[in-house]
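Chemist: Have a look at this one before I ask anything.
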Amino acid sequence: EDQVTQSPEALRLQEGESSSLNCSYTVSGLRGLFWYRQDPGKGPEFLFTLYSAGEEKEKERLKATLTKKESFLHITAPKPEDSATYLCAVRSRSGTYKYIFGTGTRLKVLA
Amino acid sequence: DAGITQSPRHKVTETGTPVTLRCHQTENHRYMYWYRQDPGHGLRLIHYSYGVKDTDKGEVSDGYSVSRSKTEDFLLTLESATSSQTSVYFCAISGGTEAFFGQGTRLTVV
Chain A
93 EDQVTQSPEA LRLQEGESSS LNCSYTVSGL RGLFWYRQDP GKGPEFLFTL YSAGEEKEKE
153 RLKATLTKKE SFLHITAPKP EDSATYLCAV RSRSGTYKYI FGTGTRLKVL A
Chain B
3 DAGITQSPRH KVTETGTPVT LRCHQTENHR YMYWYRQDPG HGLRLIHYSY GVKDTDKGEV
63 SDGYSVSRSK TEDFLLTLES ATSSQTSVYF CAISGGTEAF FGQGTRLTVV
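Chain order of the listed sequences is A and B. If you want the numbering used here, it's the position in the first sequence, counting the first as 1, plus 92. If you want the numbering used here, it's the position in the second sequence, counting the first as 1, plus 2.
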């Protein structure tokens with residue numbers, strides 16, 4: 093069964109304090125790993141797609157990396173506006189186009 | 003922003019009544035999804051569609067039905083609403099790679 097586990101559940105950082113969020117997954121053949129940002133009261137906003145181990149994507153202070161078992165979202169010198177819930181999802185090669193989500197990491201960046 | 007509109011955005015309904023939520027897209031994407039989001043459970047797939055009149059169940063489909071008679075519209079119906087269906091419902095669309103989400107519908111069943 094396809095499964096996604098995110099850690100930690102919650103993270104508090106001081107402004108400028110870099111850290112990483114983890115997404116561990118088990119799938120029957122990865123067909124894409126996706127990162128989203130979700131602000132309170134809003135729908136998830138797409139950030140990155142990764143397809144194969146060793147792949148990296150960057151956007152401003154965020155960098156996503158992928159191995160065969162997990163993905164990391166690295167946040168460099170975060171700002172208060174980076175505070176949000178970050179969601180990870182996978183799609184498998186099981187023949188369907190379903191996205192399986194983790195429960196997310198709630199990030200709070202303090203000024 | 004991806005062209006996805008969910009309606010209504012908020013709804014309060016009574017136990018036992020039928021409720022229909024609507025998702026409308028302007029992107030002509032093939033795939034459409036309904037998820038519910040609850041604290042501690044994250045986003046859970048209710049039903050999805052891979053084409054007009056082609057739908058399949060997700061992990062939490064009991065008590066829900068869907069219909070897709072046009073590419074742009076995907077309807078979610080709660081046949082007889084229960085308090086356990088109080089949640090935030092999100093529609094998503096995909097052209098085959100990443101998915102894009104609507105703003106959500108907050109449903110309260112009293």
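We put the beta carbon where it would ideally sit given N, CA and C, even for glycine. Values in this document were obtained by computation on a predicted structure and should not be read as measured data.
#1: If you draw a straight line from the C-alpha of Glu74(B) to the C-alpha of Val54(B), how long is it?
#2: Any C-beta of chain A sitting closer than 8 Å to the C-beta of Gln105(B)?
#3: Is the distance from the Cβ of Gln87(B) to the Cβ of Arg11(B) below 8 Å?
#4: Closest Cβ-Cβ distance between Pro136(A) and chain B: below 8 Å?
#5: Give me, in chain order, the residues of the same chain whose beta-carbon lies closer than 6 Å to that of Thr110(B); leave out the 5 immediate sequence neighbours on both sides.
#6: Take every Cβ of the region 34–51 of chain B, pair it with every Cβ of the region 176–192 of chain A, and state whether three or more of those distances are shorter than 8 Å.
#7: Would you kindly work out how many angstroms separate the C-alpha atoms of Gly5(B) and Ala94(B), rounded to a whole number?
#8: Would you say His12(B) faces chain A, with C-beta separation under 8 Å as the test?
#9: Exposed or buried, Ala83(B), counting other C-beta atoms within 10 Å across all chains shown (16 or more means buried)?
#10: Do Leu139(A) and Arg129(A) have their beta-carbon atoms positioned less than 8 Å apart in this structure?
#11: Please report how far the alpha carbon of Leu56(A) lies from the alpha carbon of Met34(B), in whole angstroms.
#12: Leaving aside the five residues before and after Ser116(A) along the sequence, list all residues of the same chain whose C-beta is less than 6 Å from its C-beta, in chain order.
#13: How about the region 13–28 of chain B and the region 188–203 of chain A: do they share at least three Cβ pairs that are nearer than 8 Å?
#14: Excluding five sequence neighbours on each side, which residues of the same chain lie with their C-beta closer than 8 Å to the C-beta of Pro20(B)?
#15: Determine the DSSP secondary structure at Gln105(B), reduced to helix, strand or coil.
#16: Quick one, which residues of the region 184–195 of chain A are near chain B if we go by CB-CB under 8 Å, in chain order?
#17: Among residues of its own chain, excluding the 5 on either side of Val68(B), which ones have a beta-carbon nearer than 6 Å to its beta-carbon?
#18: The beta strand (DSSP E) spanning Thr97(A) covers which residue range?
#19: Taking Val90(B) as part of the beta strand (DSSP E), name the residues at either end of that continuous run.
#20: Sort Tyr91(B), Trp36(B), Thr107(B) by Cα distance to Tyr189(A) and report the nearest one.
Modeler: So, from the listed chains and residues:
#1: If you take the alpha carbons of Glu74(B) and Val54(B), they lie about 9 Å apart.
#2: Look at Gln105(B): its C-beta is under 8 Å from a C-beta on chain A.
#3: By the CB criterion at 8 Å, Gln87(B) and Arg11(B) fall outside the cutoff.
#4: For Pro136(A), at least one C-beta of chain B is nearer than 8 Å to its own C-beta.
#5: If you ignore the 5 residues before and after Thr110(B), its C-beta comes within less than 6 Å of the C-beta of Val14, Thr88, all in its own chain and listed in chain order.
#6: Three or more pairs of CB atoms, one per stretch, sit closer than 8 Å, so the region 34–51 of chain B contacts the region 176–192 of chain A.
#7: In a straight line, the C-alpha of Gly5(B) is about 10 Å away from that of Ala94(B).
#8: In terms of beta-carbon proximity, His12(B) stays away from the interface with chain A, with every pair separated by 8 Å or more.
#9: Buried, because 16 or more other Cβ atoms sit within 10 Å of the Cβ of Ala83(B).
#10: It is a contact, given that the beta carbons lie within the stated cut-off.
#11: Lying outside 93 to 203, the shown extent of chain A, residue 56(A) is not represented and no answer is given.
#12: Counting only Cβ-Cβ distances below 6 Å, and skipping sequence neighbours, we find Thr97, Glu162.
#13: Verdict: no, contact absent.
#14: Excluding sequence positions up to five before and after Pro20(B), its CB lies within less than 8 Å of the CB of Thr79, Leu80, Glu81, Ser82, Ala83, all in the same chain and listed in chain order.
#15: Coil.
#16: Taking a C-beta cut-off of 8 Å against chain B, the contacting residues of the region 184–195 of chain A are Thr188, Tyr189, Lys190, Tyr191, Ile192, Phe193, Gly194, Thr195, listed in chain order.
#17: Closer than 6 Å at the Cβ level, and outside the excluded window around Val68(B), lie His49, Thr57, Leu78.
#18: Counting along the chain, the beta strand (DSSP E) containing Thr97(A) begins and ends at 95–99.
#19: Start and end: 89–96.
#20: The residue with the shortest Cα to Cα distance from Tyr189(A) is Trp36(B).
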